[in-house]
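When the letters of the sequence shown are read in order and numbered with this note's numbering, they come out as residues 2 to 279. For glycine and all other residues, C-beta sits at the position ideal for the given N, C-alpha and C. Below is one structure; the comments refer to it alone.
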Amino acid sequence: MPQARKQFGQHWLKSEAALAQIVEAAQLLPSDRVLEIGPGTGILTRRLLPLVEALVGVEIDRDLCEILRKHLSKAQNFLLLEGDFLTMDLAASLAEFPDFQEINKVVANIPYNITGPILEKLLGSITQPHPAPCQSIVLLLQKEVAERISAQPSSKSFGALSVRVQYLADCDWICDVPARAFQPPPKVDSAVVRLRPRPIPTPADDPHQLETLIKLGFATRRKMLRNNLQSVMEREPMAELLESLGLNPQARAEDLGLRDWVRLSNQIQPGTAHQIGL
Ligand code: SAH
Numbered sequence: 002m003p004q005a006r007k008q009f010g011q012h013w014l015k016s017e018a019a020l021a022q023i024v025e026a027a028q029l030l031p032s033d034r035v036l037e038i039g040p041g042t043g044i045l046t047r048r049l050l051p052l053v054e055a056l057v058g059v060e061i062d063r064d065l066c067e068i069l070r071k072h073l074s075k076a077q078n079f080l081l082l083e084g085d086f087l088t089m090d091l092a093a094s095l096a097e098f099p100d101f102q103e104i105n106k107v108v109a110n111i112p113y114n115i116t117g118p119i120l121e122k123l124l125g126s127i128t129q130p131h132p133a134p135c136q137s138i139v140l141l142l143q144k145e146v147a148e149r150i151s152a153q154p155s156s157k158s159f160g161a162l163s164v165r166v167q168y169l170a171d172c173d174w175i176c177d178v179p180a181r182a183f184q185p186p187p188k189v190d191s192a193v194v195r196l197r198p199r200p201i202p203t204p205a206d207d208p209h210q211l212e213t214l215i216k217l218g219f220a221t222r223r224k225m226l227r228n229n230l231q232s233v234m235e236r237e238p239m240a241e242l243l244e245s246l247g248l249n250p251q252a253r254a255e256d257l258g259l260r261d262w263v264r265l266s267n268q269i270q271p272g273t274a275h276q277i278g279l
């Protein structure tokens, strides 16, 4: 087993149970074309390869790429791209490989230090949803982040990340993965989630405004929304607006689910939140 490099967030998965749960969660079909971010030593890669039509691995660590090339050279349906997933233009990199295009699923044990940017690259953002996201994304990530992504309103973990991700995808909690499932064990526990990107049924009329409201609302999450959002609307009219939406006028940011946030944003004149310079 190669020495794990901290700067690349390397923790080798060693638990058979966790590997099996990730593979099962991906619900792979023989026609699937899968992307794996950070194949590392290839432990997950080897389990995915027999199940799919094509697998593209993107690995930043040159030494690992050498190992992967050596050990997986016989796998016809494996393509390794060496580089940084965050800056890579995947479509351009795949242009010369006709058998490895139209990726429809992602399965990965990702480096935790770049979880946010990976999510944004795969899903886009509220203001710029990914124009052609893949069908499903199964990720092993830090448990705390997994909880935030799949949180329900009014729970401790429900925050801006919950709203941002749930705006872009359905999110399912799959399972816990303890730190001891890895070598070396990370300092935090982990979990597997599955995201299914989809256009939101009722989008925000002004996505920039929604983004601003979420940012302001969750900035001080213990405060009531009517106090948090004063720069957008005075307290009284805000309380009335919340009430007219069937919400408690004393609600806090965490009490509003995804649909409530969109409804709130759509009841405020588009552009209001931009005019206040946010
Ligand atoms: N999938 C392997 C390794 C997981 S550790 C396993 O389960 O054992 C995370 C992996 O992501 C490492 O191999 C690391 O080198 C790679 N990685 C880190 N940053 C990356 C980036 N920006 N682009 C691509 N791969 C990256």
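Can you tell which of the options has its C-alpha closest to the C-alpha of residue i?
{"i": "Ala147", "options": "Phe159, Ser155 and Pro250", "result": "Phe159"}
{"i": "Pro132", "options": "Leu65, Pro200, Ala274 and Glu97", "result": "Pro200"}
{"i": "His275", "options": "Leu29, Ala27, Val263 and Thr213", "result": "Thr213"}
{"i": "Trp174", "options": "Pro185, Val193, Val166 and Pro186", "result": "Val193"}
{"i": "Lys188", "options": "Glu145, Arg227, Lys106 and Lys216", "result": "Glu145"}
{"i": "Asn78", "options": "Leu91, Val233, Asp33 and Tyr113", "result": "Asp33"}
{"i": "Ser156", "options": "Ile44, Pro31, Ser266 and Glu255", "result": "Glu255"}
{"i": "Val24", "options": "Gly39, Leu50 and Gly258", "result": "Leu50"}
{"i": "Arg264", "options": "Thr273, Pro40, Gln251 and Leu242", "result": "Leu242"}
{"i": "Pro3", "options": "Pro250, Trp262, Leu69 and Cys172", "result": "Leu69"}
{"i": "Leu14", "options": "Leu246, Leu217, Leu45 and Gly84", "result": "Leu45"}
{"i": "Arg165", "options": "Thr203, Lys7, Val178 and Lys216", "result": "Lys216"}
{"i": "Asn105", "options": "Leu29, Ala240 and Ser151", "result": "Leu29"}
Under 8 Å between the Cβ atoms of residue i and residue j?
{"i": "Met89", "j": "Leu80", "result": "no"}
{"i": "Glu37", "j": "Val139", "result": "no"}
{"i": "Cys135", "j": "Pro208", "result": "no"}
{"i": "Leu65", "j": "Val35", "result": "no"}
{"i": "Glu54", "j": "Pro31", "result": "yes"}
{"i": "Leu196", "j": "Ala170", "result": "yes"}
{"i": "Phe86", "j": "Leu95", "result": "no"}
{"i": "Pro154", "j": "Phe9", "result": "no"}
{"i": "Ile119", "j": "Gln210", "result": "no"}
{"i": "Ala321", "j": "Ser137", "result": "As displayed, the chain neither begins before 2 nor continues past 279, which places residue 321 out of reach and without an answer."}
{"i": "Leu230", "j": "Ala252", "result": "no"}
{"i": "Gly43", "j": "His72", "result": "yes"}
{"i": "Ser126", "j": "Arg149", "result": "no"}
Between which two residues does the alpha helix (DSSP H) carrying residue i extend?
{"i": "Phe219", "result": "Pro208 to Ala220"}
{"i": "Ile44", "result": "Ile44 to Leu49"}
{"i": "Ala254", "result": "First-last for Ala254: undefined, no H or E at that position."}
{"i": "Val108", "result": "Premise fails: Val108 lies in the beta strand (DSSP E), Lys106 to Asn110, not in any alpha helix (DSSP H)."}
If residue i sits next to residue j, beta carbons under 8 Å apart, how far is it from one beta carbon to the other, in whole angstroms?
{"i": "Ala18", "j": "Pro185", "result": "No, Ala18 and Pro185 are not in contact; Cβ-Cβ is about 19 Å, not under 8 Å."}
{"i": "Leu142", "j": "Ser191", "result": "7 Å"}
{"i": "Val233", "j": "Thr273", "result": "6 Å"}
Beta strand (DSSP E) containing residue i: first to last residue?
{"i": "Ile38", "result": "Arg34 to Ile38"}
{"i": "Val57", "result": "Ala55 to Glu60"}
{"i": "Val194", "result": "Ser191 to Pro198"}
Legend entry - Whole beta strand (DSSP E) elements within the stretch 114–145, 3-residue minimum: 137–143
Legend entry - Sequence ranges, beta strand (DSSP E) only - wholly within the stretch 70–100, length at least 3: 79–83
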